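A.B. asks: For the record, the sequence lines run as chains A and B.
Going by numbering that gives the first Met the number 0, 128 is the number at position 129 of the first sequence; the sequence numbering is gapless.
Going by numbering that gives the first Met the number 0, 56 is the number at position 57 of the second sequence; the sequence numbering is gapless.
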Amino acid sequence: MFSRVGTLIIKELIQFRRDWVLLTFILLAPALQLVLMAQAIARGVNEQPTAVLDLDRSALSRRLIVALDNSETLRIKYYLRDTDEMAEMLDQGVIRLAVIIPAGFAAGLDGGRFPQHVQVIADGSSSVGASLSMASVVEVVNRFSADLIAGYGLVVPEFVDFRTDIRFNPTLDFRDYSLPAQLGFIIYQVTLAVAALGLARERELGTLEQLMVTPLRQSELTLGKGLPAMVIGGVNFGIMWVISLVVFHVPMHGSLALLTALTLLFVITVVSWGLVISAVSRTQQQAILFVFILAMVEITLSGFIVPAENMPPLLRAVSNLAPLRHYLVIIRGIMLKGAGITELWPHALALAGLSLVMGTIAARMVSRRLE
Amino acid sequence: MSLHRLFAIVRKEILHIRRDPRNLFLVTISPSFLLILLSYIFSFEVSHLRLAVLDLDRTPLSRRYVATLTGDGELVLTHSLRTHDEIVPLLKAGEIHAALIIPPGFADTIHGGRPAQVQAVVDGTDPVSGGQVISSIGARSGVFVAGSGADSPQAGVQPVEVRSKAWYNAGLESLLSMVSGLMAIVLLMPTLAFTLALTREREAGTFEGLAVTPVTGPEYIGGKLLAYIAAGLVSALLAWAVAVLWFRVPFRGSLPLYLFLTAVYYLACMGAAVVIANFVASQQTAMFIVLLAFLVPSFFLAGLVMPVSTESLRSILTSYLLPSTHFVEISRTVFLKGLGVRYLLRQTLALLGMGLGALLIGMRLFRKKVG
Numbered sequence: 000m001f002s003r004v005g006t007l008i009i010k011e012l013i014q015f016r017r018d019w020v021l022l023t024f025i026l027l028a029p030a031l032q033l034v035l036m037a038q039a040i041a042r043g044v045n046e047q048p049t050a051v052l053d054l055d056r057s058a059l060s061r062r063l064i065v066a067l068d069n070s071e072t073l074r075i076k077y078y079l080r081d082t083d084e085m086a087e088m089l090d091q092g093v094i095r096l097a098v099i100i101p102a103g104f105a106a107g108l109d110g111g112r113f114p115q116h117v118q119v120i121a122d123g124s125s126s127v128g129a130s131l132s133m134a135s136v137v138e139v140v141n142r143f144s145a146d147l148i149a150g151y152g153l154v155v156p157e158f159v160d161f162r163t164d165i166r167f168n169p170t171l172d173f174r175d176y177s178l179p180a181q182l183g184f185i186i187y188q189v190t191l192a193v194a195a196l197g198l199a200r201e202r203e204l205g206t207l208e209q210l211m212v213t214p215l216r217q218s219e220l221t222l223g224k225g226l227p228a229m230v231i232g233g234v235n236f237g238i239m240w241v242i243s244l245v246v247f248h249v250p251m252h253g254s255l256a257l258l259t260a261l262t263l264l265f266v267i268t269v270v271s272w273g274l275v276i277s278a279v280s281r282t283q284q285q286a287i288l289f290v291f292i293l294a295m296v297e298i299t300l301s302g303f304i305v306p307a308e309n310m311p312p313l314l315r316a317v318s319n320l321a322p323l324r325h326y327l328v329i330i331r332g333i334m335l336k337g338a339g340i341t342e343l344w345p346h347a348l349a350l351a352g353l354s355l356v357m358g359t360i361a362a363r364m365v366s367r368r369l370e
Numbered sequence: 000m001s002l003h004r005l006f007a008i009v010r011k012e013i014l015h016i017r018r019d020p021r022n023l024f025l026v027t028i029s030p031s032f033l034l035i036l037l038s039y040i041f042s043f044e045v046s047h048l049r050l051a052v053l054d055l056d057r058t059p060l061s062r063r064y065v066a067t068l069t070g071d072g073e074l075v076l077t078h079s080l081r082t083h084d085e086i087v088p089l090l091k092a093g094e095i096h097a098a099l100i101i102p103p104g105f106a107d108t109i110h111g112g113r114p115a116q117v118q119a120v121v122d123g124t125d126p127v128s129g130g131q132v133i134s135s136i137g138a139r140s141g142v143f144v145a146g147s148g149a150d151s152p153q154a155g156v157q158p159v160e161v162r163s164k165a166w167y168n169a170g171l172e173s174l175l176s177m178v179s180g181l182m183a184i185v186l187l188m189p190t191l192a193f194t195l196a197l198t199r200e201r202e203a204g205t206f207e208g209l210a211v212t213p214v215t216g217p218e219y220i221g222g223k224l225l226a227y228i229a230a231g232l233v234s235a236l237l238a239w240a241v242a243v244l245w246f247r248v249p250f251r252g253s254l255p256l257y258l259f260l261t262a263v264y265y266l267a268c269m270g271a272a273v274v275i276a277n278f279v280a281s282q283q284t285a286m287f288i289v290l291l292a293f294l295v296p297s298f299f300l301a302g303l304v305m306p307v308s309t310e311s312l313r314s315i316l317t318s319y320l321l322p323s324t325h326f327v328e329i330s331r332t333v334f335l336k337g338l339g340v341r342y343l344l345r346q347t348l349a350l351l352g353m354g355l356g357a358l359l360i361g362m363r364l365f366r367k368k369v370g
């Protein structure tokens with residue numbers, strides 16, 4: 000049996016060599032893409048173009064403006080003259096945030112008329128950016144207030160002095176959060192696509208019939224189609240993991256052995272999904288369509304854009320069937336938190352179960368297709 | 000260029016699209032279908048931050064504090080801890096977003112008029128939820144201060160407070176941002192269909208038949224392009240209907256303008272496809288390129304969730320070379336801001352430039368040869 004599977008794999012490799020653009024692409028493009036994307040992803044909401052309308056023009060208002068400018072999140076680009084100019088700039092998208100300091104700000108504070116209100120207007124069309132920027136302004140204003148309290152000698156006892164201790168990603172760096180996720184996505188997409196097109200391509204080109212008259216048994220054909228996809232997935236994972244560590248300094252606190260083992264389970268599950276698609280599609284185009292749809296659904300259910308806890312209960316349940324969802328928790332847990340099997344066992348178990356179930360279904364469907 | 004031959008190709012392509020149900024689905028219906036799938040999650044998004052509490056004080060006041068924090072449901076108490084050691088495993092497993100530690104003597108300190116120190120240990124791996132949890136606890140601790148009935152009449156009143164307002168999306172609903180932004184992603188499907196169509200003929204061998212006709216290269220490409228842009232506009236209209244009628248996203252702009260700008264977006268994407276198709280031997284490779292070069296980067300770099308990074312020239316270039324980045328802005332501006340071309344000149348010209356430039360290069364490279 001192994002010699003037959005081996006021969007099939009050699010045939011696959013020869014085919015890959017003929018379409019060398021494809022091969023190069025499959026091996027290099029993921030790594031290239033990771034590098035390109037990682038360096039382009041924002042590390043956080045930084046340097047959001049902001050405009051200030053200072054109607055007070057006092058030393059105090061200028062102090063507040065400096066404090067806002069010093070914040071990483073905001074960058075004061077414009078000093079406005081009136082609200083019309085502000086409206087125009089917000090409409091144009093030239094600024095994402097406008098801060099209005101009212102006239103009589105300093106005088107009011109000196110006279111003890113509290114609170115003085117600072118108005119913030121945000122471009123809500125990008126909701127996440129807007130809420131993060133607004134939170135930033137609130138933070139700066141609160142600190143400014145606290146300084147004032149000390150300066151004015153007010154008695155405002157802070158009943159609850161709230162301290163934070165941020166673990167695992169102390170700077171709340173978005174890049175460290177998204178890189179492992181990108182790794183997961185890219186492996187998912189490439190592996191799925193390679194596996195899905197395996198049979199469909201042969202069927203469309205007419206070469207499948209020739210394969211069926213060979214002594215190859217159905218299980219061997221399945222294995223022969225699945226293994227190259229798994230190898231490609233594994234190689235991609237290796238290259239990208241090294242890049243993440245060496246080029247982008249993503250931390251790796253946990254065990255590489257555990258990560259590799261669970262990645263293997265992940266790849267097996269994805270390859271199985273790909274083989275199922277491949278068995279169900281009659282043309283390459285159909286397979287490609289399924290791959291795209293499945294990929295987009297998986298990205299959404301994976302919890303990257305919307306965390307699983309925020310999903311409606313039905314979708315949250317369905318998301319547990321998505322291998323990517325479990326893999327993201329695992330890869331982030333191992334790399335960023337140093338988590339081990341004791342903490343990650345539910346997701347590891349889920350992946351193991353999924354790989355078993357999908358693997359069986361794939362084998363069953365491929366053999367039925369080949370009859 | 001003969002218009003007669005050009006339109007003959009257009010007619011042929013449209014016939015092809017209509018005859019093949021899978022292609023028809025891909026070009027016209029899949030964007031709407033995907034929009035529903037991807038956006039469904041955002042229509043039910045609920046903020047659910049999981050908090051564990053280690054209450055070492057166990058007094059009525061500490062219990063009231065916890066109740067204040069979790070009162071409105073944004074923070075959810077999931078674990079009542081007994082020891083410090085329980086905290087880190089829960090964080091590592093991703094079971095909680097933060098753990099709140101209330102020290103012994105909390106109530107006594109507060110009743111004595113001194114600030115009591117409370118600590119939150121936060122999981123920083125996901126910066127968005129991490130930041131949310133911190134600002135949530137902070138804000139609610141502030142409310143607790145105000146309600147504690149302090150002696151000083153100024154207790155709980157800050158000198159400076161922020162009044163915020165979000166324009167275009169007053170409730171900062173992620174559904175509005177995401178549906179309008181996701182149009183850029185789902186409208187990549189007609190581009191995928193176009194790319195497949197370009198490579199399919201060569202792969203299937205029917206290109207030979209075309210090569211012996213008097214049809215020139217530009218007419219061939221132009222005809223395909225026109226046909227797929229037209230079909231793509233139908234699908235854009237359907238997707239628009241889904242956004243407005245199903246998800247009830249407000250559409251404040253002009254529909255003809257939106258469709259025109261969609262056509263410009265298609266021009267940019269399909270133009271790039273024309274260039275790429277010259278180097279691609281199979282549909283499989285074409286699919287990979289669209290997948291890895293357009294789809295995945297667009298999810299991360301187009302400003303869909305996090306704003307575009309302006310940290311370095313490289314990151315700016317990477318994001319703004321993607322047509323989707325521009326269309327996300329365009330779509331959100333027309334949907335939510337209801338503005339016209341005057342406000343979108345930058346993005347429109349960028350897309351036009353990319354499209355025409357790519358088409359010129361692509362047509363240059365195209366060889367009406369077989370083999």
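Glycine is no exception: its CB is placed at the ideal position from the N, C-alpha and C atoms.
Please read all numbers here as calculations on a predicted model, not as lab measurements.
Of all the CB atoms in chain A, is at least one closer than 8 Å to the CB of histidine 15/B?
C.D. replies: The residue labelled residue 15/B in the question sits at position 16 within the second sequence. Not one chain A Cβ lies under 8 Å of histidine 15/B.
A.B. asks: By alpha-carbon positions, which one of Tyr219/B, Leu343/B, Met269/B, His325/B ends up nearest to histidine 3/B?
C.D. replies: For the purposes of this step, residue 3/B is taken as the residue at position 4 of the second sequence. Comparing Cα-Cα distances from histidine 3/B to each of Tyr219/B, Leu343/B, Met269/B, His325/B, the minimum goes to Tyr219/B.
A.B. asks: Taking alanine 50/A as the reference, give the member of Ala30/A, Arg3/A, Ala106/A, Ile120/A with the closest Cα.
C.D. replies: Here the question's residue 50/A lines up with position 51 in the first sequence. Alanine 50/A has its Cα closest to that of Ile120/A, out of Ala30/A, Arg3/A, Ala106/A, Ile120/A.
A.B. asks: Pull up the CB-CB distance for isoleucine 377/A and lysine 76/A, whole angstroms please, since I reckon it's below 8 Å.
C.D. replies: This structure cannot settle anything about residue 377/A, because the visible part of chain A is limited to 0 through 370.
A.B. asks: Pick from Pro169/A, Thr170/A, Ala145/A: whose alpha carbon is nearest that of proline 158/B?
C.D. replies: For the purposes of this step, residue 158/B is taken as residue 159 along the second sequence, with counting starting at 1. Among Pro169/A, Thr170/A, Ala145/A, the Cα nearest to that of proline 158/B belongs to Ala145/A.
A.B. asks: Which two residues bound the contiguous alpha helix (DSSP H) that contains leucine 204/A?
C.D. replies: Translated into positions along the first sequence, residue 204/A becomes position 205. From DSSP, the alpha helix (DSSP H) with leucine 204/A extends over 173-204.
A.B. asks: I'd like the span of the beta strand (DSSP E) that includes tyrosine 219/B, first residue to last.
C.D. replies: In the second sequence, residue 219/B corresponds to position 220, counting from 1. Where tyrosine 219/B is concerned, there is no enclosing beta strand (DSSP E), although the alpha helix (DSSP H) it sits in stretches over 216-240.
A.B. asks: Using a threshold of 8 Å, state whether the C-beta atoms of methionine 269/B and leucine 224/B are closer than that.
C.D. replies: What you label residue 269/B is simply residue 270 of the second sequence in a count that begins at 1. What you label residue 224/B is simply residue 225 of the second sequence in a count that begins at 1. Taking 8 Å as the Cβ cut-off, methionine 269/B and leucine 224/B qualify as a contacting pair.
A.B. asks: How long is the line joining the alpha carbons of leucine 316/B and histidine 325/B, rounded to whole angstroms?
C.D. replies: For the purposes of this step, residue 316/B is taken as residue 317 along the second sequence, with counting starting at 1. For the purposes of this step, residue 325/B is taken as residue 326 along the second sequence, with counting starting at 1. Taking the straight line joining both Cα atoms gives about 12 Å.
A.B. asks: When you compare only the Cα positions, how much space is there between alanine 347/A and serine 301/A?
C.D. replies: Position 348 of the first sequence holds residue 347/A. Position 302 of the first sequence holds residue 301/A. For alanine 347/A and serine 301/A, the distance between alpha carbons rounds to 15 Å.
A.B. asks: Hey, is glycine 123/A's beta-carbon within less than 8 Å of any beta-carbon in chain B?
C.D. replies: By one-based count along the first sequence, residue 123/A stands at place 124. Cβ-Cβ to chain B under 8 Å: yes for glycine 123/A.
A.B. asks: Tell me whether the beta-carbon of methionine 190/A lies closer than 8 Å to the beta-carbon of valine 266/A.
C.D. replies: Translated into the one-based positions of the first sequence, residue 190/A becomes position 191. Translated into the one-based positions of the first sequence, residue 266/A becomes position 267. Just to set this straight, residue 190/A is threonine in the shown sequence, not methionine. Against a cut-off of 8 Å, the Cβ pair of valine 266/A and threonine 190/A comes out as a contact.
A.B. asks: Against histidine 116/A, what residues of chain B qualify as contacts under a CB-to-CB distance less than 7 Å, listed in chain order?
C.D. replies: On the first sequence, position 117 is the one that residue 116/A refers to. The contacting residues are Glu160, Arg162.
A.B. asks: Beta-carbon within less than 8 Å of valine 62/A's beta-carbon, same chain only, minus the 5 sequence neighbours each way: which residues are those?
C.D. replies: Start at 1 with the first residue of the first sequence, and residue 62/A comes out as number 63. It is arginine, not valine, that sits at residue 62/A in the sequence shown. Hits under 8 Å: Phe143.
A.B. asks: Assign aspartate 68/A to one of three DSSP states: helix, strand, or coil.
C.D. replies: In the first sequence, the residue the question calls residue 68/A occupies position 69. Helix at aspartate 68/A.
A.B. asks: Counting Cβ pairs, one atom from each stretch, are 3 or more of them under 8 Å apart for the region 176-192 of chain A and the region 223-234 of chain A?
C.D. replies: Cβ pair count under 8 Å is three or more, so yes.
A.B. asks: Measuring straight from C-alpha to C-alpha, what distance separates phenylalanine 236/A and alanine 37/A?
C.D. replies: As a working mapping, residue 236/A is identified with position 237 in the first sequence. As a working mapping, residue 37/A is identified with position 38 in the first sequence. In a straight line, the C-alpha of phenylalanine 236/A is about 15 Å away from that of alanine 37/A.
A.B. asks: Between glutamate 207/B and chain A, is any beta-carbon pair separated by less than 8 Å?
C.D. replies: Taking the second sequence and counting its residues from 1, the one referred to as residue 207/B is at position 208. No, its Cβ sits nowhere closer than 8 Å to a Cβ of chain A.
A.B. asks: Considering only residues of the region 156-200 of chain B, which uninterrupted alpha helix (DSSP H) runs meet the minimum length of 4 residues and lie entirely inside it, listed in chain order?
C.D. replies: Within the region 156-200 of chain B, the complete alpha helix (DSSP H) runs of at least 4 residues are 173-185.
A.B. asks: Residue range of the alpha helix (DSSP H) that valine 376/A falls in?
C.D. replies: Nothing can be reported for residue 376/A: it is not among the residues displayed for chain A, which extend from 0 to 370.
A.B. asks: Confirm, please, whether the CB-CB distance from leucine 53/B to leucine 74/B is below 8 Å.
C.D. replies: Counting from 1 along the second sequence, the entry for residue 74/B is found at position 75. Counting from 1 along the second sequence, the entry for residue 53/B is found at position 54. Going by C-beta atoms, leucine 74/B is not nearer than 8 Å to leucine 53/B.
A.B. asks: Name the chain B residues whose beta carbon is nearer than 7 Å to that of arginine 80/A?
C.D. replies: For the purposes of this step, residue 80/A is identified with residue 81 of the first sequence, where counting begins at 1. In chain order: nothing, as chain B lies at least about 19 Å away.
A.B. asks: Any Cβ of chain A within less than 8 Å of the Cβ of arginine 201/B?
C.D. replies: Residue numbering aside, residue 201/B sits at position 202 when the second sequence is read from its first letter. Arginine 201/B does not count as touching chain A.
A.B. asks: For tyrosine 78/A, write down the residues that DSSP places opposite it in a beta bridge.
C.D. replies: Here residue 78/A is taken as the residue at index 79 of the first sequence, counted from 1. Looking at the DSSP assignment, tyrosine 78/A forms a beta bridge with Val51/A.
A.B. asks: Please tell me whether histidine 96/B and valine 121/B are closer than 8 Å, where the distance is taken between their beta carbons.
C.D. replies: Counted from its first residue, the second sequence places residue 96/B at position 97. Counted from its first residue, the second sequence places residue 121/B at position 122. In this structure, valine 121/B lies closer than 8 Å to histidine 96/B by Cβ.
A.B. asks: Does the CB of threonine 190/B have a neighbour CB from chain A at under 8 Å?
C.D. replies: Counting from 1 along the second sequence, the entry for residue 190/B is found at position 191. Taking Cβ atoms only, chain A never reaches closer than 8 Å to threonine 190/B, which makes this a no.
A.B. asks: Do alanine 192/B and asparagine 22/B have their C-beta atoms within less than 8 Å of each other?
C.D. replies: The residue labelled residue 192/B in the question sits at position 193 within the second sequence. The residue labelled residue 22/B in the question sits at position 23 within the second sequence. Yes. Within cutoff.
A.B. asks: Using the Cα positions of threonine 176/B and leucine 12/A, report the straight-line distance between them to the nearest angstrom.
C.D. replies: The residue you call residue 176/B lines up with position 177 of the second sequence. The residue you call residue 12/A lines up with position 13 of the first sequence. This sequence places serine at residue 176/B; threonine is not what is there. Near 45 Å, if we compare the C-alpha coordinates of leucine 12/A and serine 176/B.
A.B. asks: If we define contact as Cβ-Cβ less than 8 Å, is glutamine 32/A a contact residue for chain B?
C.D. replies: The residue labelled residue 32/A in the question sits at position 33 within the first sequence. True, the Cβ-Cβ gap to chain B drops below 8 Å.
A.B. asks: Residues of chain B with CB under 7 Å from isoleucine 165/A, in chain order?
C.D. replies: Counting from one through the first sequence, the residue named residue 165/A turns up at place 166. Under the 7 Å cutoff, chain B gives Val121, Gly123, Gly129.
A.B. asks: Looking at the secondary structure, which residues open and close the beta strand (DSSP E) in which leucine 5/B lies?
C.D. replies: Your numbering for residue 5/B matches position 6 in the second sequence. Looking at the DSSP string, leucine 5/B is not in any beta strand (DSSP E); the run it does join, the alpha helix (DSSP H), is 2-18.
A.B. asks: Taking a Cβ distance cut-off of 9 Å, strictly less, list which residues of the region 309-338 of chain B are near chain A, in chain order.
C.D. replies: Listed by position, the residues of the region 309-338 of chain B near chain A (Cβ gap below 9 Å) are Thr309, Glu310, Ser311, Arg313, Ser314, Ile315, Leu316, Thr317, Ser318, Val327, Glu328, Arg331, Thr332, Phe334, Leu335, Lys336, Leu338.
A.B. asks: Can you tell me whether DSSP reads isoleucine 99/A as helix, strand or coil?
C.D. replies: In the first sequence, counting from the first residue as 1, residue 99/A sits at position 100. Reduced to three states, the DSSP call for isoleucine 99/A is strand.
A.B. asks: Does the Cβ-Cβ distance between alanine 119/B and valine 178/B come in under 8 Å?
C.D. replies: Numbered from its first residue, the second sequence carries residue 119/B at position 120. Numbered from its first residue, the second sequence carries residue 178/B at position 179. Not a contact, by the Cβ cut-off of 8 Å.
A.B. asks: Please identify the residue among Tyr326/A, Ser57/A, Glu297/A whose C-alpha is closest to the C-alpha of leucine 314/A.
C.D. replies: Residue numbering aside, residue 314/A sits at position 315 when the first sequence is read from its first letter. For the residues Tyr326/A, Ser57/A, Glu297/A, the minimum Cα distance to leucine 314/A belongs to Glu297/A.
A.B. asks: Whose C-beta lies closer than 7 Å to the C-beta of alanine 338/A among residues of the same chain, with five residues either side of it excluded?
C.D. replies: Stepping through the first sequence from its first residue, residue 338/A is reached at position 339. The answer, listed in chain order, is Gly253, Gly332.
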